[in-house]
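In the order they appear, the protein sequences are chains E and Y.
Sequential numbering from 15 applies to the first sequence in my numbering.
Sequential numbering from 16 applies to the second sequence in my numbering.
See below for the structure under consideration.
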Amino acid sequence: MMTDTIKEINGARALMLALEKEGVREVFGLPGGANLPMYDEFTRCNIRHILVRHEQSAAHMADGYGRVSRKPGVCFATSGPGATNLLTGIATAQADSAPMVAVTGQVPVEFIGKDAFQESDIMGMANPVVKYAFQPRTPEEVPISIQKAFYVAATGRPGPVLVDIPKDVQSAHAQMRMVDGVNIRGYHPWVDPDTQGVERAINTIIRADKPIILAGGGTIISSAFSELQAIAELLCIPVVTTFKGKGAFPENHPLSLGPIGMHGHAEANKIVSEADCVLAIGTRFSDRSVGTFEDFESRRSIIHMDVDPAEIGKNQTTNVAVVGDVKVSLRIMIHLLKDRRISRDEEGAWVRHARELREYWQKNLKIHPGEMGAAKILRKLREVLPSDSVVTTEVGQHQMWASLFFDVITPGTFFSSTGLGTMGWGFPAAIGAKVARPDVPVVDIAGDGSFNMTENSLATSVLEDIPVIVFLVNNYSLGMVAQWQRTFFDRRMVGVDQQACPDYVKLAESYGAQGLRAQSIDELHAALQTALASDVATVIDIPIDPEEDVLPFVQPGTPLSQMVLPS
Amino acid sequence: MFRSRNFNIDSIAVGVTQNPSLSRMTITTSGNARQLDQIGKQLDKMIDTVEVRRLDEHKTVYRELAIFKIRISSAKDSMEINKMINAYGAKAHDTRKDSVMAEMTSTPDQIKAFEELASKFGILEVARTGVAALQRSGS
Chain E
15 MMTDTIKEIN GARALMLALE KEGVREVFGL PGGANLPMYD EFTRCNIRHI LVRHEQSAAH
75 MADGYGRVSR KPGVCFATSG PGATNLLTGI ATAQADSAPM VAVTGQVPVE FIGKDAFQES
135 DIMGMANPVV KYAFQPRTPE EVPISIQKAF YVAATGRPGP VLVDIPKDVQ SAHAQMRMVD
195 GVNIRGYHPW VDPDTQGVER AINTIIRADK PIILAGGGTI ISSAFSELQA IAELLCIPVV
255 TTFKGKGAFP ENHPLSLGPI GMHGHAEANK IVSEADCVLA IGTRFSDRSV GTFEDFESRR
315 SIIHMDVDPA EIGKNQTTNV AVVGDVKVSL RIMIHLLKDR RISRDEEGAW VRHARELREY
375 WQKNLKIHPG EMGAAKILRK LREVLPSDSV VTTEVGQHQM WASLFFDVIT PGTFFSSTGL
435 GTMGWGFPAA IGAKVARPDV PVVDIAGDGS FNMTENSLAT SVLEDIPVIV FLVNNYSLGM
495 VAQWQRTFFD RRMVGVDQQA CPDYVKLAES YGAQGLRAQS IDELHAALQT ALASDVATVI
555 DIPIDPEEDV LPFVQPGTPL SQMVLPS
Chain Y
16 MFRSRNFNID SIAVGVTQNP SLSRMTITTS GNARQLDQIG KQLDKMIDTV EVRRLDEHKT
76 VYRELAIFKI RISSAKDSME INKMINAYGA KAHDTRKDSV MAEMTSTPDQ IKAFEELASK
136 FGILEVARTG VAALQRSGS
């Protein structure tokens, strides 16, 4: 390992040099007492600081940046409440395996444990929701902590890493060393490619009568789009995705049946219930995806490909496991299939059945009859938005309507907080995504409840010149909670009425953003075109019927085949 | 991790190893096959764990240390207690008129048997370590 020795500098300077060495160009953050020394360094380094109005948004911005760019996004916060404000964002990134490095200031070392002003035990609090946490106690430890943090965050199954730097460590000087490669005893993210596992997988699939491919979020993290498409076409196998895997496979492809799960496509849930073999790629078999664990694994063999060995057998009994980066595993599979000259060039009865299921449900699923029903407005969005646009969502009914009615054409352009389900994630994440991809339009499909949680990021979007579009599906309620109260609590509604507050057009304008209201499909079309042509953030307020439910619906504890369908 | 994943810790013992940069943590746990498999995998996933080994009871030497303070109510009891201490290969400490301490190093099963006998006289206090264990060579 080569080392560069830098002459005496302080911990804060070493921090910024280490970040620059990792290729960091932007940091999302908010300064405070305990991180003043690192903030001073922004006046003399090549990293742009993007100021937020709440640290939670900084974490979500770093998360959105990380998912889109596939490099860890970086957020800064001060000690105490600044650090604890990051926790929701850090937990969100962990639940969705998003790469992130969060750097917090901490009280000086001699004050740690004395209940100092703005002191919090962020190392203790973050422990369950990070991949790892570092707290350099001397200035020399700062650069190596950053290098290790990036290594951990970005490799294997990605995730958030915390670096907590006491203020006196930021100010103290030392001879700094940066290495050219890091090694952590106890962390081995790479495994040898499992060719034998892939062979067993192939043998299992070709013996199946009704195989399907289930592509999860890991397919997107691994960017295994062309490999997935090649395998599906070589073997002529229908493809469904989890909700997090939405966009792993183009949804206008003839073999695509869309997402499965609690609010998955009817045709997708049906085909997976009929399948006798599932090739599951980069998924963790969440309860939201599979209905019930016992039912999902009965009467079918499961082949599980995943980078994280701890996921094998965690929720489902697997017949064949292939551990490793799914892009690598799929490449081996293509190679072996071609070697053995295995392929199907015409569709058999099973594929025809899948296609018929899809055609039937695309035509016959009952949607809301109104002009501004959810299906219609989301299809309008898809119609007007360029297919390479990046789309994020918030959490709630609008998110599930996006699963059902917003088709993703360009793989890897759709992102959502699916693991933790964090309301307020989508808007700051869209801002982070736009920083990573300034060349494409970025849209946050939002509900009003969620948007309220992080709307102050409008200030960041406007002042920092990072224009995104907020497609606000507005029923002035906490719609998903309302739906559950209607369905499971006999329509006893509590705490779900937002009482027509605030006026989102005026809210947007008060931040210097553009506010538009669309009360007809034509107005929506025009608003979208205006927003796309605009160089400032735009909020499009779209009032919808507060009684519209998201259907189909697989109720908790029931198998995917028992969907509640619209009547 | 054990708490957040709903796994059980029956006992835990930690100490330094022959390599001062490494500690050995010995955890006794219980669960069904899937849970035990997951415990190993989740521990392995943690960056601070350098190696995880699942020990087979039959191929391992394992011991726990326990110190019992037992009540002495009469001279007759005192004699019975001393016989019991000797029978179990334990060591007596701090012998007083109304109590005695018994130090025992053995398997958890043996300690449990001693505890049941001792409880007839009255156990005033007990301190236990977790289990220390090493795998037999060649297994």
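From the three backbone atoms N, C-alpha and C, an ideal C-beta is built for every residue, glycine too.
Using a Cβ cut-off of 9 Å, pull out every chain Y residue sitting near residue i, in sequence order please.
i, result
"GLY446(E)", "By Cβ distance, chain Y contributes nothing, its closest Cβ being about 26 Å from GLY446(E), past 9 Å."
"VAL166(E)", "ILE62"
Could you name the residues of chain E that residue i contacts, counting a contact when the two beta carbons are closer than 9 Å?
i, result
"LYS64(Y)", "Contrary to the premise, residue 64(Y) reads as Thr rather than Lys in this sequence. Those within 9 Å of THR64(Y) in chain E are GLY200."
"GLN53(Y)", "ALA324, GLY327, LYS328"
"ARG49(Y)", "GLY327, LYS328, THR331"
"SER26(Y)", "Chain E residues near SER26(Y): none, gap ~23 Å exceeds 9 Å."
Where do the N-terminal and C-terminal ends of the beta strand (DSSP E) with residue i fall, by residue?
i, result
"LYS84(Y)", "75-86"
"HIS539(E)", "Here HIS539(E) belongs to no beta strand (DSSP E); instead the alpha helix (DSSP H) covers 535-547."
"PRO557(E)", "552-557"
"VAL29(Y)", "26-31"
"GLU131(Y)", "Element bounds for GLU131(Y): not the beta strand (DSSP E) but the alpha helix (DSSP H), 123-134."
"ASP458(E)", "456-461"
"LEU149(Y)", "138-150"
"GLN120(E)", "114-120"
"ARG62(E)", "62-65"
Report the CB separation of residue i from residue j in whole angstroms; it is logged as a contact under 8 Å.
i, j, result
"ALA28(Y)", "ALA147(Y)", "5 Å"
"TYR490(E)", "ASP453(E)", "Between ASP453(E) and TYR490(E) the Cβ distance is about 35 Å, and since that is not below 8 Å, they are no contact."
"ASP555(E)", "GLY529(E)", "7 Å"
"LEU546(E)", "PRO455(E)", "6 Å"
"LEU293(E)", "ILE317(E)", "5 Å"
"LEU269(E)", "ALA238(E)", "Not a contact, Cβ separation roughly 16 Å."
"VAL115(E)", "PRO150(E)", "Actually they do not touch by this definition, with Cβ atoms about 13 Å apart."
"ALA105(E)", "VAL143(E)", "4 Å"
"GLY275(E)", "GLY231(E)", "At roughly 12 Å, the Cβ-Cβ gap does not stay under 8 Å, so GLY275(E) and GLY231(E) are not in contact."
Can you name the start and end residues of the alpha helix (DSSP H) that residue i belongs to?
i, result
"HIS367(E)", "363-378"
"VAL409(E)", "Counting along the chain, VAL409(E) falls outside any alpha helix (DSSP H), and DSSP gives it neither H nor E."
"VAL495(E)", "493-502"
"ARG49(Y)", "48-60"
"SER159(E)", "155-168"
"SER471(E)", "471-477"
"ASP54(E)", "50-54"
"ASN585(E)", "This structure gives no information on residue 585(E), because the portion of chain E shown stretches from 15 to 581."
"ARG393(E)", "388-398"
"TYR518(E)", "518-524"
"LYS128(E)", "Run containing LYS128(E): none; DSSP gives neither H nor E here."
"ILE42(Y)", "Where ILE42(Y) is concerned, there is no enclosing alpha helix (DSSP H), although the beta strand (DSSP E) it sits in stretches over 38-43."
"GLU95(Y)", "90-102"
Quick one: which chain Y residues come within Cβ less than 7 Å of residue i?
i, result
"VAL205(E)", "Within 7 Å Cβ-Cβ: nothing; VAL205(E) doesn't reach chain Y, min ~12 Å."
"VAL304(E)", "Within 7 Å Cβ-Cβ: nothing; VAL304(E) doesn't reach chain Y, min ~16 Å."
Just to make sure I have the definition right: I need the residues of chain E whose C-beta is within less than 7 Å of the C-beta of residue i. Which are they?
i, result
"LYS56(Y)", "PRO323, ALA324"
"SER19(Y)", "PRO142"
Please list, in chain order, the residues of the region 323-347 of chain E that have any C-beta partner in chain Y closer than 7 Å.
Answer set for the region 323-347 of chain E: PRO323, ALA324, GLY327, LYS328.
Continuous beta strand (DSSP E) assignments of at least 3 residues falling wholly in the region 170-220 of chain E:
The region 170-220 of chain E is shown to contain whole beta strand (DSSP E) runs of 3 or more residues at 174-180, 187-193, in chain order.
Report the residues of the region 132-151 of chain E with a CB closer than 8 Å to any CB of chain Y, ordered along the chain.
Listed by position along the chain: PRO142, LYS145, TYR146.
Which runs of the alpha helix (DSSP H) at least 4 residues long sit entirely within the region 79-111 of chain E? Give them in chain order.
Entirely contained in the region 79-111 of chain E, the alpha helix (DSSP H) runs reaching 4 residues are, in chain order, 95-109.
Which ranges would you report for the alpha helix (DSSP H) in the region 284-333 of chain E if only whole runs of at least 4 residues count?
Within the region 284-333 of chain E, the complete alpha helix (DSSP H) runs of at least 4 residues are 301-304, 307-311.
Let me know the beta strand (DSSP E) ranges lying completely inside the region 240-282 of chain E, each 3 residues or longer, listed in chain order.
Runs found: 253-255, 270-273.
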